[in-house]
Amino acid sequence: MSVQTSEPPDAACGDFAGRLLDWYDRSARALPWRVPPGSGRVPDPYRVWMAEVMLQQTTVAAVAGYYERFTARWPTVADLAAADDADVMAAWAGLGYYARARNLLACARAIVRDHGGGFPDSEAGLRSLPGVGDYTAAAVAAIAFGRPAVVVDANIERVIARHRLIETPLPAAKRAFKAELAPLVPADRPGDFAQALMDLGAGVCTPRAPACDRCPVGADCRARGRADIERLPVKPAKKAKPQRYGIAHWIERDDRLWLVRRPEKGMLGGMRALPGGEWAAMPPAESGIAEVDHGFTHFDLRLTLVRREAPLAAAEGEWWPLATLDAAGLPTLYRKLVDKMRERKG
DNA sequence: AAGGCGTGGAA
DNA sequence: TTTCCAAGCCT
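Numbering follows UniProt numbering, in which position 276 of the first sequence is assigned residue number 276; successive positions increment by one, without gaps.
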């Protein structure tokens, strides 16, 4: 309801959601998966879900192209559910966190098989789907279904930790963030509220050098002006990344390259790859024809490329034409090796 | 519940 | 160069 207030103007300082949404109506980023605020249009739950999964731990810039290609190739959840696993995994190549792609397919198929082809419209229903955790369930419920869910991502954690000066370290602070946020969620625009907070965290209340002078809720921010504002939210110390080493095999015959598929679980699970041994703490004795360094989340890897004449006798794999190697969907680690070999051949 | 799980851009 | 970290999920 829209009640006319008789309170003096500075009482608006209490209206967190009002100030935030006014700012969002003026400053919302135009994103491929987003419906403009105030347009009255309702976004397609399938597209909202697709975008949210891609955006997990991944930047907007990295996602945009993948989102366009996926939604063009598989316009509906039924199309995606009917897709070949290999096609989806190859299309995801380069985006990272490949369990998301496996769960994306599993979720699409669960929607078709168990939910009549339509997404559940409640947070709890969404939460039960593969690859949908607390954040994504809340985001889809709020954005696609207008449910007053409490959406908390890393941007929103930062905004709330600062605005309320919460110094509890993550992840324990999560409960406090939700508790602070819950009474602020406006019943009429929960999706815009969540997206406004994320835009605020992404563009104004940034990890370093926040632009507090442009903040719509800065007037009552408890961290504003503090020299240590960048310390919030408090995070646990990171562990050092170990160095690991491995070998990859370049097996070429008749202008084709021998590719294998990695096991479903573990690093780069389910992705096409160059064959090779386990990755270990010690460098290989063998010297190779190329070498790449690649940083993963929890270790750094140096991979040595060694030429081989033929696959192991019992090996499973496929001879992939060198001319169309880009379409094989190799993860970045192996793409780096392919690029090096192309440089060699000039 | 703490660690496994990618990548590329920014500072 | 190194470090940080982005619309997290799963086990």
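No residue lacks a Cβ here, since even glycine has one placed at the ideal position from N, Cα and C. Since the model is a prediction, treat every value here as computed from it, not as a measurement.
Check whether residue i and residue j have beta carbons under 8 Å apart
i	j	result
V150	G201	no
G270	Y67	no
V234	G317	no
V63	R100	no
W320	A328	yes
P190	A124	no
D22	G38	no
A211	R162	no
Cross-strand partners of residue i (DSSP beta bridge)
i	result
I247	T304
P321	R256
R272	R261
D293	R302
Assigned secondary structure, residue i (DSSP; H/G/I helix, E/B strand, else coil)
i	result
W279	coil
L259	strand
S2	Summary for S2: the model assigns pLDDT 41, below 50, so the residue's position carries little reliability; its value from the coordinates is reported in the next sentence. S2 falls in the coil class under three-state DSSP.
H163	helix
M341	helix
L97	The question names Leu, yet the displayed sequence has Tyr at residue 97. Coil.
F119	coil
G18	helix
P45	helix
P9	Because P9 sits at a pLDDT of 45, beneath the cut-off of 50, its placement in the model cannot be relied upon, and the following sentence gives the value as read from the coordinates. Helix, per DSSP.
P183	helix
D87	helix
W23	helix
C-alpha gap between residue i and residue j, whole angstroms
i	j	result
M341	A290	7 Å
P284	H249	13 Å
T58	A51	10 Å
R41	G146	12 Å
P130	P32	24 Å
Y46	V88	16 Å
E252	V292	19 Å
M1	A17	Since pLDDT at M1 reaches only 35, below the 50 mark, its modelled position is unreliable, and the value read off the structure follows with that caveat. Their Cα atoms are separated by approximately 14 Å.
W49	V140	6 Å
residue 349	L181	A question about residue 349 goes unanswered here, because the residues of the chain that appear run from 1 up to 346.
Y262	A144	Inspection of the sequence shows that residue 262 is occupied by Arg rather than by Tyr. Each residue's Cα considered, the two are about 35 Å apart.
Nearest neighbour of residue i, chosen from the options [CA to CA]
i	options	result
K178	E157, P169, P186, D192	E157
R109	A211, R29, A81, E278	A81
L232	L165, E278, C212, G117	L165
E278	L197, R29, P183, I247	I247
P236	W92, P37, L170, P43	L170
N155	L325, V204, S287, P263	V204
A90	A78, R73, V77	R73
F296	G117, Q195, T332	T332
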